[in-house]
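Q:
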Ligand SMILES: Nc1nc2c(ncn2[C@@H]2O[C@H](COP(=O)(O)OP(=O)(O)OP(=O)(O)O)[C@@H](O)[C@H]2O)c(=O)[nH]1
Ligand SMILES: [Mg+2]
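In this note's numbering, the protein residues as written are 18 to 359.
Below, the structure is given as structure tokens:
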């Protein structure tokens, strides 16, 4: 009843530059720490398990604890190899130093050792693409398998760049999937950005060629190129992507300046094999790990961070424009291990 009254009243109000009344009732924007924690809930809960006071069994012996932890890491998509490496290092580090402590102190010490070990897997810090100003236009090619989140991540990235005052041009290089051009066009319109596109089924290299030329002619700061999702196992499609890469390089020496691979965190260890196939086609400069919210177990960030030799540049924490965070190993660790401060 009250809501209906409010809606009627709102309609009669003249347009004004001030925010609508409803916004004053919307919840305060959540903090960055809270967003990370919300996205990493599953991994955080999993990692807590071996330390739980309730899992007394795992406390009975150090070996039982390590075996519990190993199971949890593998279950969290950290991957067998990386999990075993972490356990071995923990075992080596704790067997001599922690004797004589109470079980509570020992659990705390192990927790902080685990935090250090996992942090060391993520040593490589990503340089956010918007932080680089050394090439104009800066050409960013975005690749990944079907449905990984490429187009959405491009929109999120474009929103960030625009907020920084950069001029951005979108290129609809996915001419393969029906409605892909339309999807990017909708984002372009929403963001007020220019888009270079051809018709469905046109040659992707041709639209990319036009896109790069247009970017140079217009003097834009950043070009974001969307590409068709492809099964990384399908050779002709990978060849098409290599061709796109070559076309860009021929137009601008040293371009593309970034090749960002979008990996869906929900695909777990499969994400690593996808990455390796793309890496074999051309060098990747960074990873966008999408869909870290929701059902993803999140441990794949640790596997990607430690095994690919390519930094995670961003993580996707939802479907909205603002749900893209620059990946920070420290924020990641804080979200997993520390108590909320607010
Ligand atoms: N929850 C969540 N959903 C996401 C995220 N990123 C993308 N999505 C959703 O995932 C779905 C696929 O995203 P797209 O951006 O279309 O993926 P794509 O890689 O461009 O897909 P193709 O063009 O078909 O290859 C959409 O429904 C997005 O809203 C994320 O970080 N979190
Ligand atoms: Mg797409």
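Where is the CB? At the ideal position from N, CA and C, for every residue including glycine.
Does any heavy atom of ligand 2 sit closer than 7 Å to the C-beta of residue 246?
A: Residue 246: yes, Cβ under 7 Å from ligand 2.
Q: By the 10 Å Cβ neighbour count, where 16 or more other Cβ atoms means buried, how is residue 355 classified, buried or exposed?
A: Classification of residue 355: exposed, given that the 10 Å Cβ count is below 16.
Q: Keeping to the same chain, check which residues put their C-beta closer than 6 Å to that of residue 349; ignore five residues upstream and five downstream.
A: If we look at residue 349 and ignore the five residues flanking it on each side, it has no Cβ neighbours.
Q: Any heavy atom of ligand 2 closer than 7 Å to the beta-carbon of residue 281?
A: Every heavy atom of ligand 2 is 7 Å or more from the Cβ of residue 281, so no.
Q: Which class does residue 186 belong to by DSSP, given the choice of helix, strand or coil?
A: If DSSP states are grouped into helix, strand and coil, residue 186 belongs with the strands.
Q: Would you report the Cα separation of residue 225 and residue 82, rounded to the nearest angstrom?
A: Going from the Cα of residue 225 to the Cα of residue 82 covers about 54 Å.
Q: Using a threshold of 7 Å, is the CB atom of residue 13 nearer than that to any non-hydrogen atom of ligand 2?
A: What the structure shows of the chain is the stretch from 18 to 359, and residue 13 is not part of that stretch, so it cannot be assessed.
Q: Could you name the residues of the same chain whose beta carbon sits closer than 8 Å to that of residue 40, not counting the 5 residues immediately before and after it, in chain order?
A: At residue 40 the pLDDT is 40, less than 50, meaning the model places this residue with poor confidence and gives no usable figure here.
Q: By Cβ distance below 7 Å, which residues in the same chain neighbour residue 353 in space, the five residues on each side in sequence not counted?
A: Closer than 7 Å at Cβ, skipping near neighbours: 57, 60, 61, 64.
Q: Do the segment 214 to 221 and the segment 268 to 279 make contact, defined as three or more Cβ pairs closer than 8 Å?
A: Taking 8 Å as the limit for Cβ pairs, the verdict is that the segment 268 to 279 does not touch the segment 214 to 221.
Q: Answer yes if the segment 287 to 303 comes into contact with the segment 327 to 341, meaning at least three C-beta pairs across the two stretches below 8 Å, and no otherwise.
A: Touching, yes, given that three or more Cβ pairs across the two stretches are closer than 8 Å.
Q: With a threshold of 7 Å, establish whether the CB of residue 217 neighbours any heavy atom of ligand 2.
A: Every heavy atom of ligand 2 is 7 Å or more from the Cβ of residue 217, so no.
Q: Contact check, residue 244 vs residue 159 under 8 Å by CB: the rounded distance?
A: Yes, residue 244 and residue 159 are in contact; Cβ-Cβ is about 6 Å, under 8 Å.
Q: Would you decide whether residue 281 is buried or exposed? Buried here means 16 or more other CB atoms lie within 10 Å of its CB.
A: Classification of residue 281: buried, given that the 10 Å Cβ count is 16 or more.
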